[in-house]
Amino acid sequence: MRLNIPNILSLLRLFLIPVFVVVFYLPYQWAPFAAAMVFWVAGFTDWLDGMLARKLGQTSRFGAFIDPVADKVLVATALILITEHYHSIWVTIPAVTMIAREIIISALREWMAEIGKRASVAVSWVGKVKTVSTDVRVVGA
Numbered sequence: 350m351r352l353n354i355p356n357i358l359s360l361l362r363l364f365l366i367p368v369f370v371v372v373f374y375l376p377y378q379w380a381p382f383a384a385a386m387v388f389w390v391a392g393f394t395d396w397l398d399g400m401l402a403r404k405l406g407q408t409s410r411f412g413a414f415i416d417p418v419a420d421k422v423l424v425a426t427a428l429i430l431i432t433e434h435y436h437s438i439w440v441t442i443p444a445v446t447m448i449a450r451e452i453i454i455s456a457l458r459e460w461m462a463e464i465g466k467r468a469s470v471a472v473s474w475v476g477k478v479k480t481v482s483t484d485v486r487v488v489g490a
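Using the numbering used here, the letters of the sequence shown map in sequence onto residues 350 to 490.
Right under this line is the structure:
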C-alpha cells in the first residue's frame with residue numbers, strides 16, 4: 350500500500366483522536382476550546398481528504414476503508430466524552446442513537462457489499478450533510 354495525501358489525512362484524523370481525548374481532560378480553563386479546535390481540525394481533514402482524493406485522482410481501497418472508520422471513531426469518541434461530561438439523559442439518548450445509527454449503517458454497508466449491492470448504500474450528499482451537522486453540534490457542545 351502506497352500512502353497518498355488523502356490517506357495521510359485520514360491517518361492524521363485517527364492520530365488526532367487520542368490528542369482530542371487528552372486535551373478534553375486537561376484541567377485548564379482553555380481545555381474545552383482547545384479540544385473543540387482539535388476536533389474541528391480532525392473534522393476538516395475528513396472534508397479535505399475526500400476532496401483531494403477526487404481532485405487528484407487518488408482514491409484507493411485503503412482510503413475508502415480508513416476514511417469512514419476514522420470519521421466514525423472520531424464522532425463516537427466525541428459523543429462519549431460529551432455524554433460523560435454532561436451526565437444527562439437528554440444528552441445520552443441522542444448520543445447513543447447517533448452511535449447506534451453509525452454502527453447500523455456500517456453493518457448495512459458491509460452486508461450489502463457481501464451480496465454485491467454496494468452502490469445502493471453508497472455515500473451520498475445527505476450523509477455528508479449529516480456528518481457536517483454532527484461535527485458542528487459536537488464542537489458547539
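All C-beta atoms in this analysis are idealised placements derived from N, C-alpha and C, irrespective of residue type, glycine included.
- In the DSSP assignment, residue 455 falls within the alpha helix (DSSP H) that extends over 438-463.
- Between the alpha carbons of residue 461 and residue 433 lies a distance of about 34 angstroms.
- In the structure shown, residue 409 adopts coil according to DSSP, grouped into three states.
- Residue 352: not part of any alpha helix (DSSP H); DSSP gives it neither H nor E.
- C-alpha of residue 394 to C-alpha of residue 428: approximately 19 angstroms in a straight line.
- CA-to-CA, the gap between residue 392 and residue 457 works out to about 24 angstroms.
- Residue 388 is a Cβ neighbour of residue 369, given a cutoff of 7 angstroms.
- The alpha-carbon of residue 385 is positioned some 31 angstroms away from that of residue 406.
- Residue 356 is not a Cβ neighbour of residue 399, given a cutoff of 7 angstroms.
- Around the beta carbon of residue 362, 16 or more other beta carbons lie within 10 angstroms, which makes this residue buried.
- Annotation: the continuous alpha helix (DSSP H) that includes residue 381 extends over 380-404.
- Under the criterion of beta carbons closer than 8 angstroms, residue 373 and residue 423 do not qualify as touching, at roughly 12 angstroms.
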